[in-house]
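Everything below concerns the one structure shown next.
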Amino acid sequence: NRKITIAIDGFSSTGKSTVAKQLAKELGYVYVDTGAMYRAVTLFAMRNSLISSQGVDEKGLIEKLPEVSLKFIFDEKRGFAAMYLNGEDVEDEIRQMEVSGNVSKVATISEVRQKLVSQQQLMGKERGIVMDGRDIATVVFPDAELKLFMTASPEERATRRFKELQSKGQEVSYEEVLKNVEDRDLMDTTREDSPLVMAEDSIEIDNSFLNPEEQYKIVLELAREMI
Ligand code: C5P
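Numbering (UniProt numbering) for the sequence shown: 2 to 228.
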């Protein structure tokens with residue numbers, strides 16, 4: 002069995018991370034959620050008052066970037082690696098709506114992207130990795146053996162995300178979640194540096210009408226064919 006690199010890109014809340022986690026577990030691969038890294042940098046910026054109603058203080062954030070250290074540490078209880086920002090477990094905090102509302106702005110900053118992309122490339126250099134994000138097949142691992150691009154309608158994605166946030170006890174409305182999904186789609190697809198686009202050699206999976214088990218079966222089959 003050879004070890005391959007699996008790149009999973011797509012819009013927000015398409016279930017990328019669920020599939021990626023299952024796949025990594027089944028294959029004994031490392032799973033990396035790159036969205037968590039952009040979220041952690043965003044949380045850092047918020048905590049350092051570098052984000053206000055005026056927007057992101059890009060210069061200030063770029064200056065402070067060397068102070069940002071990101072690590073994934075496996076957590077038995079959760080069953081996956083949690084995001085650590087400067088030694089602190091921020092896995093739950095980075096999923097909050099306030100972070101979701103700011104992250105796509107932070108992700109437009111090239112200096113932020115360069116820092117995170119180099120760390121991601123280091124993590125994947127031995128292969129045997131499943132990485133999900135927006136630019137994995139196009140920028141981080143253009144030579145990945147398996148590239149997947151996941152989509153679903155904005156309404157379907159907002160419904161899933163809304164239910165997830167509700168179950169965690171977060172007070173948000175469906176409209177708010179839908180607006181966040183649509184805003185992020187627009188920002189992610191139109192930014193100058195590494196916009197979200199499907200790579201030419203990616204396989205598109207529209208999961209609007211697939212349940213998680215059906216989707217997982219398809220993806221596992223594709224991975225097995227490559228190994
Ligand atoms: O995957 P998730 O929805 O948690 O990602 C949060 C945000 O981080 C995305 O909306 C996008 O703006 C940014 N992101 C990115 N490149 C990646 C992963 C995430 O720009 N590889």
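Each residue gets a CB set at the ideal place from its N, CA and C atoms; glycine is no exception.
Handout entry: contact_flag[the region 172-190, the region 89-107] where n(CB pairs < 8 Å) is 3 or more
Key = By the Cβ criterion, the region 172-190 is in contact with the region 89-107, since at least three pairs of Cβ atoms, one from each stretch, lie closer than 8 Å.
Handout entry: For residue 151: DSSP bridge partner residues
Key = On the sequence shown, residue 151 is found 150 positions in, with the first residue counted as 1. Per DSSP, 11 and 206.
Handout entry: Pick from 177, 208, 151 and 161 that is closest to residue 11, judged by C-alpha positions
Key = For the purposes of this step, residue 11 is taken as residue 10 along the sequence shown, with counting starting at 1. The candidate whose alpha carbon is nearest that of residue 11 is 151.
Exercise for the section: Measure the CB-CB distance between residue 18 and residue 162 and report whether it falls below 7 Å. Expected result: Within the sequence shown, residue 18 is the residue found at index 17, counting from 1. Within the sequence shown, residue 162 is the residue found at index 161, counting from 1. Not in contact: residue 18 and residue 162 (Cβ atoms no closer than 7 Å).
Problem - Straight-line gap, residue 192 to residue 139 (C-alpha atoms, nearest Å) - result: Counting from 1 along the sequence shown, the entry for residue 192 is found at position 191. Counting from 1 along the sequence shown, the entry for residue 139 is found at position 138. The straight-line gap from Cα to Cα measures roughly 14 Å.
Exercise for the section: Kindly examine the ligand FMN and report whether one of its heavy atoms sits closer than 6 Å to the Cβ of residue 170. Expected result: Annotation note on the ligand FMN: not contained in the displayed structure, which lists the ligand C5P as its ligands.
Problem - residue 166, buried or exposed, once every other Cβ within 10 Å from all chains shown has been counted against 16 - result: The residue labelled residue 166 in the question sits at position 165 within the sequence shown. Note on residue 166: 16 or more other CB atoms within 10 angstroms of its CB, so buried under the neighbour-count rule.
Handout entry: Residue-level contact to chain B via CB, residue 81, 7 Å cutoff
Key = In the displayed structure, chain B is absent; only one protein chain is listed.
Problem - CA nearest to the CA of residue 109, picked from 221, 58 and 50 - result: By 1-based counting over the sequence shown, the position of residue 109 is 108. Among 221, 58 and 50, the Cα nearest to that of residue 109 is on 58.
Handout entry: residue 74 versus 67, 82 and 8, residue with shortest Cα-Cα distance
Key = The residue labelled residue 74 in the question sits at position 73 within the sequence shown. Ranking the options by Cα distance to residue 74, first place goes to 82.
Practice task
Would you decide whether residue 6 is buried or exposed? Buried here means 16 or more other CB atoms lie within 10 Å of its CB.
Solution key: For the purposes of this step, residue 6 is identified with residue 5 of the sequence shown, where counting begins at 1. Label assigned to residue 6: buried.
Exercise for the section: Would you mind reading off the limits of the beta strand (DSSP E) that contains residue 74? Expected result: Here residue 74 refers to the residue found at position 73 of the sequence shown. Residues 71-76.
Exercise for the section: Return the chain-ordered list of same chain residues with a C-beta closer than 7 Å to the C-beta of residue 49, the five sequence neighbours on each side being excluded. Expected result: On the sequence shown, position 48 is the one that residue 49 refers to. Excluding positions up to five away in sequence, the list reads 65.
Problem - Enclosing beta strand (DSSP E) for residue 83 [first to last residue] - result: For the purposes of this step, residue 83 is taken as residue 82 along the sequence shown, with counting starting at 1. That run of the beta strand (DSSP E) goes 81-86.
Handout entry: Ordered list of beta strand (DSSP E) runs contained in the region 97-143, each at least 3 residues
Key = 130-134
Exercise for the section: List the whole-angstrom C-beta distance separating residue 111 from residue 148, where the pair is believed to meet the contact cut-off of C-beta under 8 Å. Expected result: Locating residue 111 in the sequence shown gives position 110, counting from the first residue. Locating residue 148 in the sequence shown gives position 147, counting from the first residue. Going by Cβ atoms, the distance from residue 111 to residue 148 rounds to 23 Å, so no, they are not a contact pair.
Problem - Neighbour-count burial assignment, residue 92, 16 or more Cβ in a 10 Å radius - result: Your numbering for residue 92 matches position 91 in the sequence shown. The residue is buried, with at least 16 neighbouring Cβ atoms inside 10 Å.
Problem - Any non-hydrogen atom of the ligand C5P within 6 Å of residue 36 CB - result: As a working note, residue 36 is residue 35 in the sequence shown. Residue 36: yes, Cβ under 6 Å from the ligand C5P.
Problem - Nonlocal neighbours in the same chain, by C-beta distance under 8 Å from residue 94, ignoring five residues either side - result: To locate residue 94, count along the sequence shown from 1; it is residue 93. Answer for residue 94: 44 and 100, listed in chain order.
Exercise for the section: For the region 27-39 and the region 127-144, state whether three or more C-beta atom pairs, one from each stretch, are separated by less than 8 Å. Expected result: A contact between stretches requires three or more CB pairs, one per stretch, nearer than 8 Å, and the region 27-39 meets this requirement with the region 127-144.
Exercise for the section: Check whether the Cβ of residue 134 sits closer than 6 Å to any heavy atom of the ligand C5P, and report yes or no. Expected result: Walking along the sequence shown from the start, residue 134 turns up at place 133. Because some heavy atom of the ligand C5P lies under 6 Å away, the Cβ of residue 134 counts as near it: yes.
Exercise for the section: Quick one: residues in its chain with C-beta nearer than 6 Å to the C-beta of residue 153, no 5 flanking neighbours on either side, listed in chain order? Expected result: As a working note, residue 153 is residue 152 in the sequence shown. 15, 208 and 209.
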